[in-house]
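Chemist: Here our numbering is used: the first residue of the sequence shown is 27, the next is one more, and so on. Even glycine gets a Cβ: it sits at the ideal position worked out from N, Cα and C. Please find one structure pasted underneath; my questions will follow.
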Amino acid sequence: MTVVFFTDRDLGSRFPEILEGAGLTVEKHRDHFAPRCPDEEWLRSIGERGWVALTHDRRIRYKPNERNAVVRHRVALLVIVGKAPYPKLAQAFVNTLPRIKSFIERHHPPYIAKVYRPSPAEVARHSAAPGRVELWYPK
27 MTVVFFTDRD LGSRFPEILE GAGLTVEKHR DHFAPRCPDE EWLRSIGERG
77 WVALTHDRRI RYKPNERNAV VRHRVALLVI VGKAPYPKLA QAFVNTLPRI
127 KSFIERHHPP YIAKVYRPSP AEVARHSAAP GRVELWYPK
């Protein structure tokens with residue numbers, strides 16, 4: 027089964043382009059929703075479609091209405107963690123893809139997980155070092 031990754035608008039345009047360039051199936055926020063569409067609305071739609079949502083919004087877990095939308099609509103949500111240019115975040119995501127796919131296979135929605143970039147020391151040892159994926163909600 028092909029995983030469809032949905033990119034929230036907060037990841038910009040380069041992030042999904044890099045994922046597509048790596049051969050991933052990607053749906054972009056701008057292709058389905060108005061720019062100011064409330065997160066609860068797109069979360070509902072993504073959950074109904076069975077897509078995996080990607081966002082850079084670390085606060086989503088702490089917003090009751092959005093966390094409740096994740097739970098109610100059985101969303102698989104991955105939060106991209108890190109302060110780096112979007113192309114670097116996207117490349118780290120691609121490098122971490124085997125771990126991400128393994129995580130998705132082992133966990134059933136609803137959940138919120140964080141995807142981290144590799145540490146600078148790991149990148150120094152191997153430029154394509156993978157990051158890690160950690161379950162964030164529910165715990």
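Under the three-state reduction of DSSP, which class applies to arginine 56: helix, strand or coil?
Modeler: On the sequence shown, residue 56 is found 30 positions in, with the first residue counted as 1. In the structure shown, arginine 56 sits in a helix (DSSP, three-state: H, G or I).
Chemist: Return the CA-CA distance between valine 52 and alanine 102, expressed in angstroms with no decimal places.
Modeler: As a working mapping, residue 52 is identified with position 26 in the sequence shown. As a working mapping, residue 102 is identified with position 76 in the sequence shown. For valine 52 and alanine 102, the distance between alpha carbons rounds to 15 Å.
Chemist: Excluding the 5 residues preceding and the 5 following lysine 165 in the sequence, name in chain order all residues of the same chain whose CB lies nearer than 8 Å to its CB.
Modeler: The sequence position of residue 165 within the sequence shown is 139, counting from 1. None.
Chemist: Quick test of the definition: if touching needs 3 or more C-beta pairs under 8 Å, does the segment 86 to 99 touch the segment 125 to 141?
Modeler: yes
Chemist: If you draw a straight line from the alpha carbon of valine 11 to that of alanine 147, how long is it in whole angstroms?
Modeler: Residue coverage of the chain in this structure runs from 27 to 165, which leaves residue 11 outside it and unanswerable.
Chemist: Can you tell me whether alanine 60 is buried or exposed, with buried defined as 16 or more other CB within 10 angstroms of its CB?
Modeler: Here the question's residue 60 lines up with position 34 in the sequence shown. Classification of alanine 60: exposed, given that the 10 Å Cβ count is below 16.
Chemist: If we ignore side chains and look at the alpha-carbon of each, how far apart do aspartate 65 and glutamate 92 end up?
Modeler: Walking along the sequence shown from the start, residue 65 turns up at place 39. Walking along the sequence shown from the start, residue 92 turns up at place 66. Approximately 7 Å, taken between the alpha carbons.
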